[in-house]
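Worksheet: the structure to be examined is printed underneath.
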Amino acid sequence: MAIKKIALCISAMAIVGVAHADQTTQTINILADIPTATSFVQPYDGWGPHGDITFEYDVFKKALQSAKPVNLKMENNVGGSKAGVIKASLGYPAVLSDGTAADDIPVDVKIHSESVKEWVKLTTTPQKIYENAKGDAENGEMRLIPDAKAVPKAGAHYEGTVDLVFDFEPATT
């Protein structure tokens, strides 16, 4: 009899425990943007890992070093054609700043591809970085190079942004 009372008591405690369990919910927004065409300029590993690019400081030369190159893949088939041109520009000049305009360090942004082999120094004016008659995906590279003549202030923290603009145009015949 005592065993039955203990079993009933344990069952009742389990039911009470379940009735008073805490619960929490979390809503997560999920998104996916799908382009209308397969035109792109993108690092092999996506733009995410390149959201912060650091320039190393060479203490012996007392100068900033170029950032590690970013390997790119690019393709353009705008207008249904398998050929096209990609132009690149900057939304505004790239600089590293410590908050004082007189101390700004200009940064050159250069891109090249298999079809445009010469390095193209980007400005706020669009310039051709890809022109493939077949519209094939090509390899390319981007480099960020701080002005070698600029002398960073000791102990300063510099930061800035690079606003890349890519224009995808159909091939002209």
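According to mature numbering (1 follows the signal peptide of the UniProt record, and there is no 0), the sequence shown holds residues -21 to -1, 1 to 152 in order.
Note that beta-carbon positions come from the ideal geometry of N, C-alpha and C, so glycine has one too.
Since we're looking at a predicted model, the values are computed, not measured.
For H91, does the three-state DSSP call read helix, strand or coil? Residue 91 sits at position 112 when you count from the first residue of the sequence shown. In the three-state reduction of the DSSP assignment, H91 falls in the strand class, which pools E and B.
Under 8 Å, do D146 and K66 count as touching if we go by C-beta distance? The residue given as residue 146 occupies position 167 in the sequence shown. The residue given as residue 66 occupies position 87 in the sequence shown. Yes, the pair counts as a contact, with Cβ atoms nearer than the cut-off.
As assigned by DSSP and simplified to three states, the class of D37: For this step, residue 37 is matched to residue 58 along the sequence shown. If DSSP states are grouped into helix, strand and coil, D37 belongs with the strands.
Simplified DSSP assignment, three categories, for G134: Counting from one through the sequence shown, the residue named residue 134 turns up at place 155. Here G134 sits in coil by DSSP.
Among A127, M121 and L75, which has the Cα closest to the Cα of L143? Counting from one through the sequence shown, the residue named residue 143 turns up at place 164. From the listed residues A127, M121 and L75, the smallest Cα separation to L143 is found for M121.
Evaluate contact between the region 116 to 135 and the region 92 to 104, counting only Cβ atoms and requiring at least three cross-stretch pairs below 8 Å. When Cβ pairs closer than 8 Å are counted between the two stretches, the region 116 to 135 is seen to touch the region 92 to 104, the count reaching three or more.
Rounded Cβ spacing between S45 and T104 (contact assumed at less than 8 Å): Your numbering for residue 45 matches position 66 in the sequence shown. Your numbering for residue 104 matches position 125 in the sequence shown. Actually they are not in contact, since the Cβ atoms of S45 and T104 sit about 23 Å apart, beyond 8 Å.
Would you mind stating whether V20 and M53 have Cβ atoms separated by less than 8 Å? Along the sequence shown, read from residue 1 onward, the residue named residue 20 stands at position 41. Along the sequence shown, read from residue 1 onward, the residue named residue 53 stands at position 74. Yes, the pair counts as a contact, with Cβ atoms nearer than the cut-off.
Whose CA, out of G25, W26, D31 and T6, lies closest to the CA of T140? Position 161 of the sequence shown, counted from the start, is the residue given in the question as residue 140. Per the Cα distances, D31.
Thinking just about the alpha-carbon of each residue, which of D24, W26 and V64 is nearest to the one in Q148? Locating residue 148 in the sequence shown gives position 169, counting from the first residue. According to the sequence shown, residue 148 is Glu rather than Gln. Here the closest residue by C-alpha is V64.
Between the C-alpha atoms of A11 and G25, what's the straight-line distance to the nearest angstrom? If you number the sequence shown from 1, residue 11 lands on position 32. If you number the sequence shown from 1, residue 25 lands on position 46. Between A11 and G25, the alpha-carbon positions lie close to 15 Å from each other.
Which residues in the same chain as H136 place their Cβ atom closer than 7 Å to its Cβ, once the five residues preceding and following it in sequence are excluded? If you number the sequence shown from 1, residue 136 lands on position 157. Excluding five sequence positions before and after H136, the CB atoms of its chain that fall closer than 7 Å to its own CB belong to D77, given in chain order.
Assign N50 to one of two classes, buried (16 or more other C-beta atoms within 10 Å of its C-beta) or exposed (fewer than that). Along the sequence shown, read from residue 1 onward, the residue named residue 50 stands at position 71. It is exposed - the Cβ of N50 has fewer than 16 other Cβ atoms within 10 Å.
For a test of the three-state rule: what should DSSP assign to D142, helix, strand or coil? If you number the sequence shown from 1, residue 142 lands on position 163. Note: D142 maps to coil in three-state DSSP.
Pull up the DSSP beta-bridge partners for I65, would you. Stepping through the sequence shown from its first residue, residue 65 is reached at position 86. DSSP, once it has assigned bridges, lists Y109 and F147 as partnering I65.
Helix, strand or coil, according to DSSP, for G119 in the structure here? Residue 119 sits at position 140 when you count from the first residue of the sequence shown. DSSP places G119 in strand when its eight states are reduced to three.
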